[in-house]
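*Asks:* A single structure is presented below for examination.
Number of protein chains: 2
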Amino acid sequence: MTVRTEHGTHLAGPVLVIGAGLLGASIGLGLRARGLDVVLSDASPSTEAVARDIGAGRVLDEQGTDTALRPELVVVATPPDVTARVVAGALHRYPDAVVVDICSVKEAVVRELTALPDVVAHLPRYVGTHPMAGREKSGPVAARGELFTGAPWVLCAHAGSAPEAVLLAESLAVDLGAVPARMTAEEHDDAVALISHLPQVVSSLVASRLQESPARALSLAGNGLRDVTRIAASDPRLWVQILSANAARLVDILHGVRADLDRLIATLEDPAANGARLDMAQLMAEGNAGQARVPGKHGTPPGSFAHLTVLVDDVPGQIAKLLTEIGDTGINVEDFRLEHSPGRELGLAELSVLPGKDKELTESLTQRGWKVVQ
Amino acid sequence: MTVRTEHGTHLAGPVLVIGAGLLGASIGLGLRARGLDVVLSDASPSTEAVARDIGAGRVLDEQGTDTALRPELVVVATPPDVTARVVAGALHRYPDAVVVDICSVKEAVVRELTALPDVVAHLPRYVGTHPMAGREKSGPVAARGELFTGAPWVLCAHAGSAPEAVLLAESLAVDLGAVPARMTAEEHDDAVALISHLPQVVSSLVASRLQESPARALSLAGNGLRDVTRIAASDPRLWVQILSANAARLVDILHGVRADLDRLIATLEDPAANGARLDMAQLMAEGNAGQARVPGKHGTPPGSFAHLTVLVDDVPGQIAKLLTEIGDTGINVEDFRLEHSPGRELGLAELSVLPGKDKELTESLTQRGWKVVQ
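Listed in order, the protein sequences are those of chains G and R. Numbering that gives the first Met the number 0 applies: residue 0 is where the first sequence begins, and numbers increase by one. Numbering that gives the first Met the number 0 applies: residue 0 is where the second sequence begins, and numbers increase by one.
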């Protein structure tokens, strides 16, 4: 990763981005912001135009000079269903380019590619990748160049990937501020089934139960329900393709969930039965054990930060005042979350700081007249 | 609610709080902060001592003057299993007091109470309540007087509750800054099965799957997994009692979840089958529809706020500077969430403001040199 261009980037460009939705347009925006020449192409003329208009790149002109386009890198950011075919087309059309895709399932793409005629000879120039970033929103309007900042970007070289191609794929990740992580397609697909596809479908299953519930019941909902159902807002069209492409792995995990759910239902159908409560406690304790393994926001182990809560009046400037005074102490805020109160002009600011800094900060804020409630 | 004491509270005290865990101690702290006399009692001497030491109230002295204690209100904050028996004991021992409990399931308590000997005559003085507040942590050390601020506090009068008793229960909620909501025990138990017990058990089921997964897989986890599994950290001992007490209602909902899970598993076992993708899309769309009904943090409909994201360097004072400058604009921040980046000295500050204010704020911040990415 020592090559540096005049722009201070690892890539030199031009970069052709095929598929100008949320991720494609975000890649375009990010690379353009770093001074690279980005050319966009999308099957939908209106998506392509929106992506161009927000500054994600110039449009590939079929009739014009673009027959002469010789991209350094082609990024295939199309929906999963068509990814392999588009990758194959790009490998043929741009014989000097490295081609990467960013599809969220990796083994299926390689499998489909190797089954296509006349592709095998080109495969050294292909690398599968997956940036671990996204939003509940879709389309180029939701795009942002900083979407990948600090996020892991998985690189899945296949057995025949050329080392230079892998390095160029890594350059893309680094130039967009992401953290490259190399693993096999199998490792990747196992991981995302568990950490992405499982929470997605379960969130949808829970949210689905809310369809017919009285609004009065929902008005009592707290952060627990909100957090569990947030990703249930995701786009069904995209997710059907992702789930289909990783179906076998996800279904294995879901069989485990169903077995546990059956155990739970059995205990709840006769909670007074011998052993029912022990079974219930066991299921909850297993959840505790799994939850404790989820890394925190920094990718650090859970519990790495100390937390404190400060009462804040809900008027302009109060939160700013609080954070100015925290800034004055020189203690860095690792995380900050404001919890509002329905029907009251009061908020709870939840702050995370490095362990050991919480007492110092509590004392300092209390002296300045803030109410620190923990 | 026009009665006001010398303290500016609706209650006059003394208030006896039986059970000095997270909720009991938080009630004690909140009422003490408003100047009321709070007496604490807990089956565990050490819990009782900790609650006293953090300022949640004085301790009930069995040998001393407390035989003369005449509480205005007794708050039973014991674990669900023993709630009815403790309520009955308090009704007998303090014949002038109103007795409320704060157990998270309401019908079971009334049913058990009415089945106890010699209690029926006292029942007009009993009101079941449930503050919709809690934490993943437990015990008096986690208590805070502002725990109930702005949260709904459900009051479930039974057929025989005296109107004065209901008013006094409401006074407790109001004095602690909560928002009283009257409903029947049936309505309440239906609601919490859906909005609290369902997300809790499903979060545990998902987290449970993470027990054996490679740490490498978990290192890719994003906010989706973190949000879905957060409440899986909750206390199994408490939850076994809650789930048992509302088992019939929860199990009805879980049968619906299992039916959907079976549909999903069937589609994933043969994703190429006729209709499989349509079924999958339908399940996801049902999740969209349910999620859209979850109220936002203010109890407002979802989508009530406009969002924008600002890049912030991860050095002390930068976030404070940002919020000071937002404060200067006079635009109120409705929500603020800081997303950190593993391995990078950069954060994304996600701000929510009233719709229409986002453009004004974006312009103003951009002029001041901030990078607003959406």
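Here a beta-carbon is modelled for each residue, glycine too, at the ideal position from N, C-alpha and C. On a predicted model such as this, the values are computed, not experimentally measured, just so you know.
If contact is defined by three or more beta carbon pairs under 8 angstroms, each pair taking one atom from either stretch, is the stretch 271-284 of chain G in contact with the stretch 161-177 of chain G?
*Replies:* Result no; under three Cβ-Cβ pairs closer than 8 angstroms.
*Asks:* Give a yes or no on whether the minimum CB-CB distance between G:THR82 and chain R is below 7 angstroms.
*Replies:* No, G:THR82 does not count as interfacial toward chain R.
*Asks:* Which residue comes first and which comes last in the beta strand (DSSP E) that contains R:PRO151?
*Replies:* That run of the beta strand (DSSP E) goes 151-155.
*Asks:* Starting from G:HIS254 and walking both ways along the alpha helix (DSSP H), at which residues does that stretch end?
*Replies:* Residues 246-268.
*Asks:* Is the closest heavy atom of the ligand PLP to the C-beta of R:HIS9 under 6 angstroms?
*Replies:* In the structure on display, the ligand PLP does not appear, and there are no ligands present to speak of.
*Asks:* How should R:GLU186 be labelled, buried or exposed, when 16 other C-beta atoms within 10 angstroms of its C-beta is the threshold for buried?
*Replies:* Buried: at least 16 other Cβ atoms inside 10 Å.
*Asks:* Buried or exposed, going by whether 16 or more other CB atoms sit within 10 Å of the CB of G:VAL119?
*Replies:* Flag for G:VAL119 reads exposed.
*Asks:* Could you tell me whether the stretch 222-240 of chain R touches the stretch 251-270 of chain R, where touching means 3 or more Cβ pairs closer than 8 angstroms?
*Replies:* No, because fewer than three Cβ pairs between the stretch 222-240 of chain R and the stretch 251-270 of chain R fall closer than 8 angstroms, the two stretches do not touch.
*Asks:* Give the secondary structure of G:THR77 by DSSP, where H, G and I count as helix, E and B as strand, and everything else as coil.
*Replies:* Of the three classes helix, strand and coil, the one that applies to G:THR77 here is coil, per DSSP.
*Asks:* Of all the options G:ASP95, G:ALA83, G:VAL140, G:ALA164, which has the alpha carbon lying nearest to the alpha carbon of G:PRO116?
*Replies:* Residue G:ALA83 is the option with its Cα nearest to G:PRO116.
*Asks:* Check distances from the C-beta atoms of the stretch 273-289 of chain G to those of chain R and list, in chain order, the residues that come in under 9 angstroms.
*Replies:* Within the stretch 273-289 of chain G, the qualifying residues are ALA275, ARG276, LEU277, MET279, ALA280, GLN281, LEU282, MET283, ALA284, GLU285, GLY286, ASN287, ALA288, GLY289.
*Asks:* With a threshold of 7 angstroms between beta-carbons, can R:ASP52 be considered close to chain G, or not?
*Replies:* For R:ASP52, the answer is no, since every Cβ of chain G falls outside 7 angstroms of its Cβ.
*Asks:* Can you tell me whether DSSP reads R:GLU106 as helix, strand or coil?
*Replies:* Three-state DSSP puts R:GLU106 in a helix.
*Asks:* Around the C-beta of G:ALA348, are 16 or more other C-beta atoms found within 10 angstroms, so that it is buried, or is it exposed?
*Replies:* Buried, by the Cβ-count rule.
*Asks:* So if I threshold CB-CB distances at 8 angstroms, which residues from the stretch 13-29 of chain G count as touching chain R?
*Replies:* Listed by position along the chain: nothing, the set is empty.
*Asks:* To the nearest whole angstrom, what separates the beta carbons of G:ARG208 and R:ILE241, a pair I think is in contact under 8 angstroms?
*Replies:* That belief does not hold up - the Cβ atoms of G:ARG208 and R:ILE241 are roughly 18 angstroms apart, past 8 angstroms.
*Asks:* Taking the alpha carbon of R:PRO123 as the point to measure from, which residue in R:LEU112, R:MET131, R:PRO130 has its own alpha carbon closest?
*Replies:* Checking every option, the nearest Cα to that of R:PRO123 belongs to R:LEU112.
*Asks:* Have a look at G:ALA156 and R:GLY29 and give me their C-alpha separation to the nearest angstrom.
*Replies:* Distance between the alpha carbons of G:ALA156 and R:GLY29 is about 58 angstroms.
*Asks:* I need the DSSP call for R:GLU111, collapsed to helix, strand or coil.
*Replies:* In the structure shown, R:GLU111 sits in a helix (DSSP, three-state: H, G or I).
*Asks:* Would you say G:ARG57 reaches chain R, if we count a Cβ-Cβ gap shorter than 7 angstroms as a contact?
*Replies:* Chain R, which has no Cβ nearer than 7 angstroms to the Cβ of G:ARG57, makes this no.
*Asks:* What's the C-alpha gap between G:GLN317 and G:VAL104?
*Replies:* C-alpha separation (whole angstroms): 45 angstroms.
*Asks:* Taking the alpha carbon of G:GLN290 as the point to measure from, which residue in R:THR328, R:ARG215, R:SER202, R:PRO94 has its own alpha carbon closest?
*Replies:* For G:GLN290, the nearest C-alpha among the options comes from R:SER202.
*Asks:* According to DSSP, is G:ILE416 part of a helix, a strand, or is it coil?
*Replies:* Residue 416 of chain G cannot be examined here, being either before or after the span of chain G that is shown, 0 to 373.
*Asks:* I'd like to know if G:GLY221 contacts chain R, where contact means its C-beta is closer than 7 angstroms to some C-beta of that chain.
*Replies:* So yes, G:GLY221 belongs to the interface.
*Asks:* Within 10 angstroms of the Cβ of G:GLN199, are there 16 or more other Cβ atoms? Answer buried if so, exposed if not.
*Replies:* Flag for G:GLN199 reads buried.
*Asks:* Cβ closer than 7 angstroms: which chain R residues qualify as neighbours of G:LEU166?
*Replies:* Simply none; closest approach about 19 angstroms.
*Asks:* In the DSSP assignment, what are the bridge partners of G:LEU30?
*Replies:* G:LEU30 is not bridged to any residue.
*Asks:* Taking G:LEU15 as the reference, which of G:PHE304, G:GLU169, G:LEU39, G:ALA206 has the closest Cα?
*Replies:* It is G:LEU39 whose Cα lies nearest to the Cα of G:LEU15.
*Asks:* Count the other CB atoms, across all protein chains shown, that sit within 10 Å of the CB of R:THR148; report buried if there are 16 or more and exposed otherwise.
*Replies:* That one is buried.
*Asks:* Any beta-carbon of chain G closer than 7 angstroms to the one on R:VAL309?
*Replies:* No, R:VAL309 does not count as interfacial toward chain G.
*Asks:* Excluding the five sequence neighbours on either side, which residues of its own chain have a C-beta within less than 7 angstroms of the C-beta of G:ASP80, listed in chain order?
*Replies:* Excluding residues within five positions, the ones whose Cβ falls inside 7 angstroms are GLN240.
*Asks:* Along the chain, which unbroken stretches of the beta strand (DSSP E) at least 3 residues long are found entirely within the stretch 198-238 of chain R?
*Replies:* Whole beta strand (DSSP E) segments, 3+ residues: zero.
*Asks:* Report the CB separation of R:VAL293 from G:LEU217 in whole angstroms; it is logged as a contact under 8 angstroms.
*Replies:* Their Cβ separation, rounded to whole angstroms, is 6 angstroms, which keeps R:VAL293 and G:LEU217 in contact under 8 angstroms.
*Asks:* Taking 7 angstroms as the threshold (beta carbon to beta carbon), is R:GLU268 in contact with chain G?
*Replies:* Closer than 7 angstroms to some Cβ of chain G, the Cβ of R:GLU268 qualifies, so yes.
*Asks:* Report the neighbours of R:LEU242 on chain G: residues whose CB is nearer than 7 angstroms to its CB, in chain order.
*Replies:* Those within 7 angstroms of R:LEU242 in chain G are LEU267, MET279.
*Asks:* Do we get a CB-CB distance below 7 angstroms when we pair R:GLY255 with the residues of chain G?
*Replies:* By this cut-off, R:GLY255 is an interface position.
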